[in-house]
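For reference, the structure discussed in these notes is given below.
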Amino acid sequence: MKRVLVIMGSPRMGNTMRAAQGIEERMQGLGEVVFEYCMLRDADLARCRGCFVCFQKGEEHCPLRDDAPDIERRMHEADGVIFATPVYGMNVSGLFKTFVDRFSYIFHRPRFFDKKALLLTTTGALGEKEVLDYLDLVARIWGFEVAGRVGLITPPYDLPEEKVRRNAETLDAAARAFHDSLYRPRRSPGWKDILVFHGMRATFRELAALAPVDYEYWEQKGWLDRKTRYFVEVPVNPLYHALGSLIEWYVGRQVRKEMAGLRRKSDQST
Ligand SMILES: Cc1cc2nc3c(=O)[nH]c(=O)nc-3n(C[C@H](O)[C@H](O)[C@H](O)COP(=O)(O)O)c2cc1C
């Protein structure tokens, strides 16, 4: 039995909810799966205040006392997460953006490496690619393996039959791909994932004094060890590894230079 959590960023029971339920129905036809919905519109999730406490001291020190820890716990308990949002103003909905902002510490301290993600958006006409690219970035950096991307055109008028059929086929394919992903081990990371790993490692190693919570997290996970090639033990393409190591050296040098410049500036002003 696999568990799927839908993070629903639509403020209504509309097109995005119908699309998520369409995926649920199709996945239930493929095997045993339990769906749970986290309706952001009903969650007690306040807007981030930008205090930096989660980055600097740890998320447990966030001054906002609301559903955030519970939402993170629900993501940990799931085998797969569907990130679902309508396109609003050429971007994710405000509800969804608040969700991402509140979990921004995960960009520094990623954690969902044993989970698969499905990205889902619906739009009147435009913005589908931009939103899916953004969701892709968020999910990957948080540690998910992205198993599929679904973008449906759902304007506020009746669609021609051919487009209705095309949307149904898109949902069929997404449900199958997501279902299969839940039953197989994680795939080897692509070159972008490897570059992200090395770029982040260089940054957090160099910023140990400025970002000690991040440094400690990376060290405890063993990710700062030179022998570690990725966040989790999976085969890594040697070419990607070589490229990543080069990027790591370059990013490390740039961060050191920038920090030295900042130190000089502060010495001159004292
Ligand atoms: C506030 C708002 C902003 C929207 N912005 C866009 C947009 O930028 N581009 C677009 O093509 N459609 C836009 N739409 C249309 C929605 O993306 C589309 O109807 C979507 O399927 C709505 O999903 P929902 O029913 O889950 O809210 C917008 C709709 C609303 C209500």
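For the sequence shown, the working numbering assigns the number 88 to the initial residue and increments by one for each residue that follows. Cβ coordinates follow ideal geometry from the N, Cα and C atoms, glycine included. All values reported here derive from a predicted model rather than from experimental measurement.
In this structure, Val-174 has its beta carbon less than 7 angstroms from a heavy atom of ligand 1. Between Ala-234 and Ser-275, the beta carbon gap of about 14 angstroms keeps them out of contact (Cβ cut-off 8 angstroms). Sixteen is the threshold: since fewer than 16 other Cβ atoms of the shown chains lie within 10 Å of the Cβ of Glu-320, the residue is exposed. Runs of the beta strand (DSSP E) spanning 3 or more residues and lying entirely within the stretch 209-293 occur at 232-240, in chain order. Of the candidates Arg-313, Arg-273 and Glu-249, the residue whose Cα lies closest to the Cα of Arg-227 is Arg-273. Counting the other Cβ atoms within 10 Å of the Cβ of Trp-305 gives 16 or more, which makes it buried. Residue pairing from DSSP leaves Phe-142 without any beta-bridge partner.
DSSP places Leu-92 in the uninterrupted beta strand (DSSP E) bounded by 89-95. For Met-88, the closest of Ile-94, Pro-98, Ser-97 and Gly-118 by C-alpha to C-alpha distance is Gly-118. Cβ neighbours of Asp-223 within its own chain (closer than 8 angstroms, five residues either side excluded): Leu-206, Val-233 and Arg-236. Beta-bridge pairing by DSSP links Phe-122 to Val-91.
Between Leu-282 and Ile-334 a beta carbon distance of about 5 angstroms is seen, short of the 8 angstroms cut, so the two are scored as contacting. Cβ-Cβ distances below 6 angstroms link Arg-198 to Gly-230 in the same chain, with the five nearest sequence neighbours on each side left out; the list follows chain order. With a cut-off of 8 angstroms on Cβ pairs, the stretch 212-221 is not in contact with the stretch 245-261, counting fewer than three such pairs. As summarised for the stretch 146-189, the continuous beta strand (DSSP E) elements at least 3 residues long and confined to that stretch are 167-173, given in chain order. In the displayed model, Lys-203 falls within a strand according to three-state DSSP.
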